[in-house]
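Going by the numbering used here, the residue at position 314 of the sequence shown is 315; the numbering climbs one at a time, nothing skipped.
Virtual Cβ for every residue (Gly too), placed ideally from N, Cα, C.
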Amino acid sequence: MVTRHSVLRVTRSHRDKYVRHLLGTSKLSDEQASRDYGANRIQTLEGPAGSGRLVVLPQSACAARQRPADAADPLPMTTTPKLGFGTAPILGRIGRRDSVAALERAYALGVRHFDTARSYGWGEAEGVLGSFLQGKSRRECTIVSKCGIVPVKRSRVLSVAKALAREVRDRAPGVGSMVQRAASSSRFQPTRTYDVRTLNESFETSLRELRTDYLDVLLLHNFDPTMPGLDDVVTWFQRLRQRGSIARYGFAVGCDLVQGLTCLRGSGVLDGAVVQVPVSVALLALSSEWRDVPVLAHSAFRFSAQSGMSFTEILARLGAACRCEAAVCSMFSKSHIESNVATAARVAV
Numbered sequence: 002m003v004t005r006h007s008v009l010r011v012t013r014s015h016r017d018k019y020v021r022h023l024l025g026t027s028k029l030s031d032e033q034a035s036r037d038y039g040a041n042r043i044q045t046l047e048g049p050a051g052s053g054r055l056v057v058l059p060q061s062a063c064a065a066r067q068r069p070a071d072a073a074d075p076l077p078m079t080t081t082p083k084l085g086f087g088t089a090p091i092l093g094r095i096g097r098r099d100s101v102a103a104l105e106r107a108y109a110l111g112v113r114h115f116d117t118a119r120s121y122g123w124g125e126a127e128g129v130l131g132s133f134l135q136g137k138s139r140r141e142c143t144i145v146s147k148c149g150i151v152p153v154k155r156s157r158v159l160s161v162a163k164a165l166a167r168e169v170r171d172r173a174p175g176v177g178s179m180v181q182r183a184a185s186s187s188r189f190q191p192t193r194t195y196d197v198r199t200l201n202e203s204f205e206t207s208l209r210e211l212r213t214d215y216l217d218v219l220l221l222h223n224f225d226p227t228m229p230g231l232d233d234v235v236t237w238f239q240r241l242r243q244r245g246s247i248a249r250y251g252f253a254v255g256c257d258l259v260q261g262l263t264c265l266r267g268s269g270v271l272d273g274a275v276v277q278v279p280v281s282v283a284l285l286a287l288s289s290e291w292r293d294v295p296v297l298a299h300s301a302f303r304f305s306a307q308s309g310m311s312f313t314e315i316l317a318r319l320g321a322a323c324r325c326e327a328a329v330c331s332m333f334s335k336s337h338i339e340s341n342v343a344t345a346a347r348v349a350v
């Protein structure tokens with residue numbers, strides 16, 4: 002635990018990791034962290050509200066000479082992923098009561114990164130999250146939402162259908178596939194769009210539902226390189242950022258990872274953007290040319306089931322493979338939340 006005026010003696014290879022983690026930010030580049038918070042001098046750093054100050058001392062020259070060079074570290078952590086709460090199942094397969102209980106448990110255990118979207122819960126997940134966060138410190142929370150997939154219009158019929166589907170699924174698990182097919186019918190499918198006017202309406206709705214006047218990150222949902230209109234979307238993103246409605250913007254890449262990154266860079270829109278992607282072999286083997294791209298990773302447990310890799314190893318590999326700011330998990334049982342929080346804490350130390 003870091004207390005006021007705590008002093009840590011760290012090696013240069015791990016200093017940047019600890020600086021970012023203990024400041025509660027992943028926004029520092031390696032170069033900036035080394036320049037501003039390393040450099041063979043004592044630095045006093047202001048931590049998050051209430052956490053006090055941190056004095057970081059580079060390791061002594063004598064100790065450094067006795068230790069192999071930084072490149073010898075087996076897992077040179079670029080960033081330590083924070084644990085994020087994914088809201089995709091809210092008012093979809095998870096009802097309101099269980100959703101709020103899960104949010105309460107995660108928040109009580111220190112989770113402050115929340116990932117949502119205008120389309121989640123057929124347009125109702127943001128409202129549940131916004132209601133839950135009401136009265137809590139906005140500065141302590143990171144809220145990420147998405148635009149570009151517009152849910153069907155909310156109706157009493159849709160709400161009743163969702164509630165009935167959850168009840169049927171819970172009482173007769175064997176009919177789950179039938180419920181899923183019904184939910185996938187064209188009547189309930191959202192609309193995908195890059196139309197800026199529609200995106201702006203979606204964004205304004207997100208702010209109202211989330212009960213906030215800004216988002217920490219706004220992502221273009223399921224970015225597709227083949228869809229026209231990307232330049233107009235980025236221009237709109239930049240206007241939102243200039244007026245303070247968003248802190249950052251980015252893209253939820255739904256296509257091949259390298260193809261998507263290459264397309265974004267080729268279009269001149271990758272610099273300064275955040276990318277959200279599922280955990281994959283491609284992500285964990287990302288080449289060095291993409292290491293400076295801020296990443297929000299999701300679907301770690303899907304990848305774990307496919308690969309046999311533990312959540313602990315996934316988090317460690319994410320930190321080594323890319324500039325991963327958060328690992329977003331859908332976690333709604335008490336045991337799952339507690340296990341994930343404990344794992345993330347171990348990897349972060």
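Across the structure, F115 and I144 are spaced so that their CA atoms are roughly 5 Å apart.
Comparing alpha-carbon positions, the option among F204, G149, S207 lying closest to G255 turns out to be G149.
Under the Cβ criterion (8 Å, minimum of three pairs), the stretch 323 to 341 counts as touching the stretch 102 to 110.
Counting only runs that start and end inside the stretch 215 to 295, the alpha helix (DSSP H) elements of at least 4 residues fall at 231 to 243, 258 to 267, 282 to 285. Sixteen is the threshold: when 16 or more other Cβ atoms of the shown chains lie within 10 Å of the Cβ of G320, as they do, the residue is buried. Leaving aside the five residues that flank S308 on each side, none in its chain has a CB nearer than 7 Å to its CB. Taken atom to atom, the span from the alpha-carbon of A317 to that of A248 is near 27 Å. Annotation for G87: the continuous beta strand (DSSP E) segment containing it runs 83 to 87. Around G245, the same chain offers Y215 as residues with beta carbons nearer than 7 Å, after the five sequence neighbours per side are excluded. Using a 10 angstroms sphere on the CB of P229, the tally of other CB atoms stays under 16, which defines it as exposed. Leaving aside the five residues that flank G87 on each side, the residues in its chain whose CB is nearer than 7 Å to its CB run, in chain order, D116, H299, V329, C330, S331.
Per the DSSP secondary-structure output, S146 pairs in a beta bridge with L219. According to the DSSP secondary-structure assignment, I95 is paired through a beta bridge with I91.
Going by C-alpha positions, R212 is about 8 Å away from L134.
Of the candidates V275, S288, V235, the residue whose Cα lies closest to the Cα of V294 is V275. Per DSSP, the beta bridge partners of V329 are G85, H299.
L92 is positioned such that its CB atom lies closer than 9 Å to that of A126. In this structure, DSSP gives R139 a state outside helix and strand, which the three-state scheme calls coil. Counting along the chain, D116 sits inside the beta strand (DSSP E) bounded by residues 114 to 116. Under the three-state reduction of DSSP output, R119 falls in the coil class, being neither helix nor strand.
Rounded to whole angstroms, the gap between the alpha carbons of P152 and L221 is 14 Å. Short of 8 Å from the beta carbon of R303, and not among the five residues preceding or following it, lie these beta carbons of its own chain, in chain order: P279, V280.
By the Cβ neighbour-count rule, T227 is exposed, with fewer than 16 other Cβ atoms within 10 Å of its own.
Short of 7 Å from the beta carbon of A283, and not among the five residues preceding or following it, lie these beta carbons of its own chain, in chain order: L258, V259. Judged by DSSP in its simplified three-state form, T192 adopts strand. With a contact defined as Cβ atoms closer than 8 Å, G261 and F224 qualify at about 6 Å. Taking 8 Å as the upper bound for CB-CB distance, L208 and F238 are not in contact here, some 15 Å apart.
If you ignore the 5 residues before and after P90, its C-beta comes within less than 7 Å of the C-beta of S331, F333, all in its own chain and listed in chain order. Scanning its chain for C-beta atoms nearer than 6 Å, with the 5 sequence neighbours on each side dropped, one finds around L110 the residues V342, in chain order. Residue environment: T192 is assigned as exposed (fewer than 16 neighbouring CB atoms within 10 Å of its CB, all protein chains considered). The three-state secondary structure of R212, taken from DSSP, is coil. Under DSSP, V151 takes part in a beta bridge, and its partners are T192. In this structure, the straight-line span from the alpha carbon of T313 to that of K83 is close to 12 Å.
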